Amino acid sequence: MITTDILIIGAGPTGLFAVFEAGLLQLKCHLIDALPQAGGQCSEIYPKKPIYDIQGFPEVLAGNLVSNLMEQIKPFQPGFTLGERAETIKKLADGTFVVTTNKGTEHSAPIVAIAGGLGSFEPRKPLLKNLSDFEDKGVAYIIKDPEVYRGQKVVIAGGGDSALDWSIFLADVASEVTLVHRRNEFRGALDSVEKVQQLKNQGKINLITPAEVTGLSGGDTLESITIKKAGDTPEGIQLKVDSFIPLFGLSPKLGPIADWGLEIEKNAIKVDNTLDYQTNIPGIYAIGDVNTYPGKLKLILCGFHEATLMCQSAYQRIFPDKKYVMKYTTVGGVTGFDGSKKEAPKAVVKKIE
Amino acid sequence: MSDIKINITDREGVTHQVDAPTDMNMNLMEVVRAYELAPEGTVGICGGMAMCASCQCYVNSAHELPEKSDDEDAMLAEAFYVEDNSRLGCQIHMTQDLDGLEVVLAPES
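Taken in order, these protein sequences are the chains called A and B. Under our numbering, the first sequence has 304 at position 304, and the numbering climbs by one with no breaks. Under our numbering, the second sequence has 82 at position 82, and the numbering climbs by one with no breaks.
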């Protein structure tokens, strides 16, 4: 069981900044995120796109904003459970919560802050009628352990970075890699595109474009797929395969959080915006894009503000009898749990003769 | 500058005629959201960067639309339920020329 003061669900910019504000109050945080890396949408969807409305940054790339936030919260040593989705929540008799992920990891905290953005990112599945029959029996949407594919005949579908990168990687692992895409053009980092071209020329990647996977067949496990090339006969090509990996990106779904007994409106969690962004369940807060209230704006800058007020309220919930006054970082400095201390340099007082 | 009329058929098959301003730098995805013609969180997920295809729609009228950018073209190449008349709503800006535009929202995927 992982224990912490504030359990944050979602490691996007809002969740990350909450770690900083909590740290100033000497509260520890642990974050859960379904994605394998921190940063949420900023890392997953648009790391190379500029943002122009972060206070004090005339322009910052989304990916750089995330690395800056990671640097900013480092002294507060947050814990991470990445690549796992928060599945269930249980309130214990002592008022603390236990949140369990889809992989069974348990987390306990007196405060839960949902900073889940638009939800957890789920793979987008192609429209093939018996696709679900072969899930984990030859069909996978996420590559967890590439070694699984050693010596296999693998077909990857998609035209973005992940389809390109995994084709390149598996070219050395699998016995045969076929990449299928609806266009001749790929959108990805230039060197990935060039590398695939190279591997194709060397016969290490079998490229089929413009084409689509139109059917799957097999018994208990996937045995072959049908690939239809544009302009070809309707029957298409039959290809014997061990694994089919469609990589069409991820789309966010609110998911299990919707069943936690929270008040939901417009795919978002209703919170008290007059006070502290608490939900209808005391001790559970919702901050950032995942919440809604009159006048809500889904902006990172608003998420930062919400995270700050949430932490003050969380502190009072945990320590109802403690007197506390907010302190400016310029005055109080930043004292990390790692023993580090940042503070404003002392002014020099010296007589001029 | 004045408002134009746009006909939008939602994912339930209901057609709505809505007024779209041409002087607010709005795109079709934003018009759909402004009139709440699809539930929040199911349209315009990436915010309008042509990076998610949640605002895909089929254009059924003969209006001349701006050409697809490489980004839009590449995104549609990876989207589902794509037809020849598919476009990303976020890439269609509201201009006077689009008065009477008829679009159908593509299914959620």
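Yeah, the Cβ is synthetic: ideal placement off N, Cα and C, and Gly gets one too. What you are looking at is a predicted structure, and each value in this text was computed from that prediction instead of being measured.
Along the chain, where does the alpha helix (DSSP H) containing residue i start, and where does it finish?
i, result
"Thr14(A)", "Pro13 to Leu24"
"Glu78(B)", "Asp70 to Glu78"
"Phe169(A)", "Asp161 to Leu170"
"Ala34(B)", "Leu28 to Ala34"
"Glu44(A)", "Gln41 to Glu44"
According to DSSP, residue i sits in a beta bridge with which residue or residues?
i, result
"Cys52(B)", "Its beta-bridge partners do not exist; DSSP assigns none."
"Ser224(A)", "Ser217(A) and Lys240(A)"
"Gln278(A)", "Tyr285(A)"
"Thr330(A)", "Thr330(A) is not bridged to any residue."
"Lys341(A)", "Thr335(A)"
"Thr9(B)", "Thr15(B) and Val104(B)"
"Cys57(B)", "Arg87(B) and Leu105(B)"
"Val60(A)", "Ile51(A)"
"Asn291(A)", "Ile269(A)"
"His93(B)", "Asn27(B)"
"Lys90(A)", "Val98(A)"
"Leu7(A)", "His30(A) and Val112(A)"
"Lys74(A)", "Paired residue(s): none; Lys74(A) is not in a bridge."
"Glu212(A)", "Lys228(A)"
"Cys20(B)", "A small fix is needed here, since residue 20(B) is Ala in this sequence, not Cys. DSSP lists Ile4(B) as partners of Ala20(B)."
"Ile352(A)", "According to DSSP, which records beta bridges pairwise, Ile352(A) is partnered with nothing at all."
"Pro246(A)", "Ala157(A)"
"Ile2(A)", "His107(A)"
"Ile264(A)", "Ile269(A)"
Taking the beta carbon of residue i as the centre, do at least 16 other beta carbons fall within 10 Å, making it buried, or is it exposed?
i, result
"His107(A)", "buried"
"Ala11(A)", "buried"
"Ile167(A)", "Note that residue 167(A) is Ser in the sequence shown here, rather than Ile. Under this definition Ser167(A) is a buried residue."
"Ala347(A)", "exposed"
"Arg182(A)", "buried"
"Arg87(B)", "buried"
"Asp17(B)", "The sequence shown places Gln at residue 17(B), rather than the Asp named in the question. Answer is exposed; the Cβ neighbour count stays below 16."
"Lys228(A)", "buried"
"Phe121(A)", "buried"
"Asn27(B)", "buried"
"Phe17(A)", "buried"
"Phe20(A)", "buried"
"Asn291(A)", "buried"
"Phe319(A)", "exposed"
"Gln26(A)", "exposed"
"Phe248(A)", "buried"
"Met94(B)", "buried"
"Glu194(A)", "exposed"
"Arg124(A)", "buried"
"Glu87(A)", "buried"
Can you tell me where the beta strand (DSSP E) with residue i in it begins and where it stops?
i, result
"Glu306(A)", "Run containing Glu306(A): none in the beta strand (DSSP E); it sits in the alpha helix (DSSP H), Ile300 to Ile318."
"Ala157(A)", "Lys153 to Ala157"
"Cys29(A)", "Cys29 to Asp33"
"Lys253(A)", "Leu250 to Lys253"
"Asn206(A)", "Ile205 to Ile208"
"Val180(A)", "Glu176 to Val180"
"Lys190(A)", "One point to set straight first is that residue 190(A) is Leu, not Lys, in the sequence displayed. That residue, Leu190(A), is in no beta strand (DSSP E); its alpha helix (DSSP H) goes Leu190 to Asn201."
"Gly79(A)", "Gly79 to Leu82"
"Leu37(B)", "Looking at the DSSP string, Leu37(B) is not in any beta strand (DSSP E), and its letter there is neither H nor E."
For this session: Could you list the residues in the region 81 to 93 of chain A with a C-beta less than 7 Å from some C-beta on chain B, going in chain order?
Result: none
query: What residues in the region 26 to 57 of chain B have a beta carbon less than 9 Å from any beta carbon of chain A?
result: Glu36, Pro39, Glu40, Gly41, Thr42, Ile45, Cys46, Gly47, Met49, Met51, Cys52, Ala53 and Ser54
Identify every run of the beta strand (DSSP E) within the region 100 to 155 of chain A, keeping only runs that are complete inside it and at least 3 residues long; order them along the chain. 106 to 109, 111 to 114 and 120 to 123
Notebook entry, point to check: Can you list, in chain order, the residues of the region 66 to 77 of chain B whose Cβ is nearer than 7 Å to any Cβ on chain A?
Noted result: Ala74 and Ala77
**Asked** Just by C-beta distance, which residues in the region 234 to 249 of chain A are closer than 8 Å to chain B?
**Response** Phe248 and Gly249
- Query: Between the region 250 to 271 of chain A and chain B, which residues of the former have CB atoms less than 8 Å from a CB of the latter, in chain order?
  - Reply: Ser251, Pro252, Leu254, Lys266, Asn267 and Ala268
key: Residues, ordered as in the chain, of the region 41 to 58 of chain A that lie near chain B by beta-carbon distance below 8 Å   = Gln41, Ile45, Tyr46 and Lys49
- What residues in the region 115 to 128 of chain A bring their beta carbon closer than 9 Å to a beta carbon of chain B? Leu118, Gly119, Arg124, Lys125, Pro126 and Leu127
When you check each C-beta in the region 81 to 93 of chain B against every C-beta of chain A, which residues fall closer than 9 Å? Tyr81 and Val82
**Message:** Please identify, using Cβ separations under 7 Å, the residues of the region 155 to 171 of chain A that lie next to chain B, in order along the chain.
**Reply:** Gly158, Gly159 and Gly160
Inset, instruction - Could you list the residues in the region 304 to 331 of chain A with a C-beta less than 8 Å from some C-beta on chain D, going in chain order? - result: Reference to chain D is not applicable here, since the protein chains of this structure are A and B.
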